[in-house]
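Trainee: Quick one: structure below, then a few questions.
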Amino acid sequence: MTIDENTTDSTNSALDSTNSLYMHPSESTGSMLVLGLFDGSGYRSWRRGVLRALSVKNKVGFINVKCRKPEPQDPSYDQWECCDDMVTSWILNSISKDSANSLQYVNDAQELWKELEDRYDQTN
3 MTIDENTTDS TNSALDSTNS LYMHPSESTG SMLVLGLFDG SGYRSWRRGV
53 LRALSVKNKV GFINVKCRKP EPQDPSYDQW ECCDDMVTSW ILNSISKDSA
103 NSLQYVNDAQ ELWKELEDRY DQTN
């Protein structure tokens, strides 16, 4: 029996806590990144809190495109999708229900983050 090197690398990535694809067993889609829901005001403070929380979880790469989506045939594709869905859920759970409802159909965490920036990061 031979071991596929790509599968082994993918498995090792998912078990390495310093890798963006690592997901701690206690993480869940219901986790809150910040206290209080973002309701449209105080965007920059909310944004800073979310960035800090994602940094602690080593997941900022999912919103700033440093952790790129692999091709579907890549062994890490499913793990990437799982992590991206988790990050998307965390962000949606940290905004008001009305805002979250209008953002449910974004494709990934990066698109969600960009949409939030476009809507709320107004410079005067």
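Plus 2 on top of the position in the sequence shown (first one is 1) and you've got the working numbering. Quick reminder that beta carbons are idealized off the backbone N, C-alpha and C, glycines included.
1) Using the DSSP secondary-structure output, state which residues sit across from Phe40 in a beta bridge.
2) Can you list, in chain order, the residues of its chain with a C-beta nearer than 8 Å to that of Gly94? Leave out the 5 residues immediately preceding and following it.
3) Kindly indicate the opening and closing residues of the alpha helix (DSSP H) around Tyr122.
4) In whole angstroms, what is the alpha-carbon distance linking Thr20 and Lys61?
5) Val52 and Ser96: beta carbons closer than 8 Å?
6) Assign Cys69 to one of three DSSP states: helix, strand, or coil.
7) So, with DSSP's three-state summary, where would you put Asn21?
8) Alpha carbons only, please: which of Ser78, Lys68, Val89, Asn109 is nearest the one belonging to Leu35?
9) Please work out which residues of its chain come closer than 6 Å, Cβ to Cβ, to Val67, disregarding the five sequence neighbours upstream and downstream, and give them in chain order.
10) Does the distance from the C-beta atom of Cys84 to that of Met25 stay below 8 Å?
11) What would DSSP say about Asn126, mapped onto helix, strand or coil?
12) Could you give the DSSP three-state label for Gln106: helix, strand or coil?
Mentor: The answer reads as follows:
1) On the sequence shown, position 38 is the one that residue 40 refers to. Answer is Ile97, bridged to Phe40.
2) Numbered from 1 along the sequence shown, position 92 holds the residue referred to as residue 94. It should be noted that the sequence gives Leu, not Gly, for residue 94. If you ignore the 5 residues before and after Leu94, its C-beta comes within less than 8 Å of the C-beta of Ala102, Leu105, Gln106, Leu114, all in its own chain and listed in chain order.
3) Mapped onto the sequence shown, residue 122 falls at position 120. Its alpha helix (DSSP H) spans residues 111-122.
4) Within the sequence shown, numbered from 1, the residue matching residue 20 stands at position 18. Within the sequence shown, numbered from 1, the residue matching residue 61 stands at position 59. In this model, Thr20 and Lys61 are separated by some 10 Å (Cα to Cα).
5) Here residue 52 refers to the residue found at position 50 when the sequence shown is read from its first residue. Here residue 96 refers to the residue found at position 94 when the sequence shown is read from its first residue. Yes, the pair counts as a contact, with Cβ atoms nearer than the cut-off.
6) Position 67 of the sequence shown, counted from the start, is the residue given in the question as residue 69. It is coil, neither helix nor strand.
7) Reading the sequence shown from its first residue, position 19 is the one you call residue 21. In the structure shown, Asn21 falls within a coil segment according to DSSP collapsed to helix, strand and coil.
8) For the purposes of this step, residue 35 is taken as the residue at position 33 of the sequence shown. The residue with the shortest Cα to Cα distance from Leu35 is Val89.
9) Here residue 67 corresponds to residue number 65 of the sequence shown, with the count starting at 1. Shown here for Val67: same chain residues with a beta carbon closer than 6 Å to its own, the five before and five after excluded, namely Gln112 in chain order.
10) As a position in the sequence shown, residue 84 is number 82, starting the count at 1. As a position in the sequence shown, residue 25 is number 23, starting the count at 1. Cβ atoms of Cys84 and Met25: closer than 8 Å.
11) Sequence index remark: in the sequence shown, residue 126 carries index 124 (1-based). Only weak support is given to the placement of Asn126: the predicted model assigns it a pLDDT of 48, under 50, and the question is left unresolved by the model.
12) Against the sequence shown, residue 106 aligns to sequence position 104. Residue state, collapsed to three classes: coil.
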